Amino acid sequence: MNVSSQPSLTLYYSRRSCSLACHIVLRETGLKFGLVEVKIRNGEQKKPEYLKINPLGKIPALVIDSEVLTETHAILTFLGDFKKTSNLIPPSGSIGRVRAHEWMNFLSSTVHVTFRTIFRPYNLIGENIPLGPVRDFARANLVGVMSEIERRLSKKSYALGDKYSICDAYLFVFYLWCQDERLEMKSPAGPAFRRLAERVWERPSTRAAVQHEQIITPF
Ligand SMILES: N[C@@H](CCC(=O)N[C@@H](CS)C(=O)NCC(=O)O)C(=O)O
541 MNVSSQPSLT
551 LYYSRRSCSL
561 ACHIVLRETG
571 LKFGLVEVKI
581 RNGEQKKPEY
591 LKINPLGKIP
601 ALVIDSEVLT
611 ETHAILTFLG
621 DFKKTSNLIP
631 PSGSIGRVRA
641 HEWMNFLSST
651 VHVTFRTIFR
661 PYNLIGENIP
671 LGPVRDFARA
681 NLVGVMSEIE
691 RRLSKKSYAL
701 GDKYSICDAY
711 LFVFYLWCQD
721 ERLEMKSPAG
731 PAFRRLAERV
741 WERPSTRAAV
751 QHEQIITPF
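As structure tokens, this is what we get:
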């Protein structure tokens, strides 16, 4: 994809969803962008208008000129690479780069999926199987997933070491989800995760995105 120095960018987002990571990073880049809200609670992601953007009916999608990019991991990588001066992702070929992909893949394939199984188990198993035991199983998994995050973040200021990156914006979303009442537990996030989230919260881009989405935070 060849893109100009300021392509036309539009993010399809849903409040407080995983798209918040892309929203924060868009603001970090300093690029101009537009936002279109898709209300998941109203099922707008499955309406024909949005399915034309992303046939999977999932948020986020980033429209870059005439191309549509989906998947949080891919969108964050694109934005991190795009504005190199912001140093939002280490360069290709470095160990830092593959650590960034390691984090983002873990976040999308394991952490996100564990939360989703608690929030929307029917998307995974349908409506005919009792949801309670599935949620309880996922809650137990979430505790394990959080201790892995804690292990990885211990002795580090940020996910990749001492510098902020796109991975931290992505982690911030899951820190907020740790406060969700549907978990029916005290926040499972540990102290290292909390410290990281507080650092991310200090950034003007995070505050602006959170304010725009009218999200209540624990800070
Ligand atoms: N693999 C996708 C998952 C995206 C995803 O599940 N997004 C949620 C919001 S956090 C969504 O669109 N949910 C609505 C639905 O599944 O109907 C990614 O990482 O971007």
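Read left to right, the sequence shown gives residues 541 to 759 (this note's numbering).
Note that the Cβ used here is the ideal one computed from N, Cα and C, for glycine as well.
Treat the numbers as computed from the prediction; the structure is a model and nothing was measured.
Suppose contacts are defined by Cβ-Cβ distances below 8 Å. Is residue i in contact with residue j by that definition?
| i | j | result |
| --- | --- | --- |
| I689 | F733 | yes |
| A748 | R567 | yes |
| V565 | L628 | yes |
| E753 | L616 | no |
| R722 | F622 | no |
| T657 | V683 | no |
| R679 | M725 | yes |
To which residues of the same chain is residue i closer than 7 Å at the C-beta, ignoring the five residues directly before and after it?
| i | result |
| --- | --- |
| H613 | M644, N645, S648 |
| Y715 | A729, F733, A737 |
| P547 | I604, D605 |
| N681 | T654 |
| H652 | C558 |
| V750 | T757 |
With distances taken from CA atoms, which of the options is nearest residue i?
| i | options | result |
| --- | --- | --- |
| L551 | C562, E742, S545 | C562 |
| F677 | G636, E611, T654 | T654 |
| T569 | S606, S559, P600, G620 | G620 |
| F573 | P670, M725, Y553, R692 | Y553 |
| W741 | E584, F759, M725, H752 | F759 |
| F712 | E721, S545, L591, A699 | A699 |
| G636 | D702, S745, Q546, E589 | D702 |
| I540 | S545, C558, P547, S548 | Absent from the model: residue 540. The displayed extent of the chain is 541 to 759, so no value can be given. |
| S694 | L591, R735, E607 | R735 |
| Q719 | E584, L571, M686 | M686 |
| K696 | S727, R679, R739 | R739 |
| L549 | P744, E607, Y590 | E607 |
| T625 | K586, I669, S545, G633 | S545 |
| L596 | G633, N668, N663, I669 | N663 |
Starting from the C-beta of residue i, find all residues in its chain whose C-beta is less than 8 Å away, skip the five residues before and the five after it, and write them out in chain order.
| i | result |
| --- | --- |
| P630 | G636, R637, R639, A640, L700, S705 |
| I665 | L671, V674 |
| E584 | V578, Y590 |
| K587 | none |
Apart from the five residues on each side of it in sequence, which residues of its chain come closer than 6 Å, Cβ to Cβ, to residue i?
| i | result |
| --- | --- |
| N594 | A601, T610 |
| W717 | F655 |
| A709 | A561, I564, V565 |
| T746 | I564, V740 |
Decide if the segment 573 to 585 is in contact with the segment 593 to 603; the criterion is three or more beta carbon pairs, one per stretch, under 8 Å apart.
Contact check between the segment 573 to 585 and the segment 593 to 603: three or more CB pairs, one atom from each, fall below 8 Å, which counts as touching.
Just to confirm the assignment: which complete alpha helix (DSSP H) runs, minimum length 4, are found wholly within the segment 595 to 677?
Within the segment 595 to 677, complete alpha helix (DSSP H) segments of at least 4 residues are found at 612 to 622, 635 to 646, 652 to 659, 662 to 665, given in chain order.
Where are the beta strand (DSSP E) runs, 3 residues long or more, that stay fully inside the segment 675 to 759, in chain order?
DSSP runs (the beta strand (DSSP E)) wholly in the segment 675 to 759: none.
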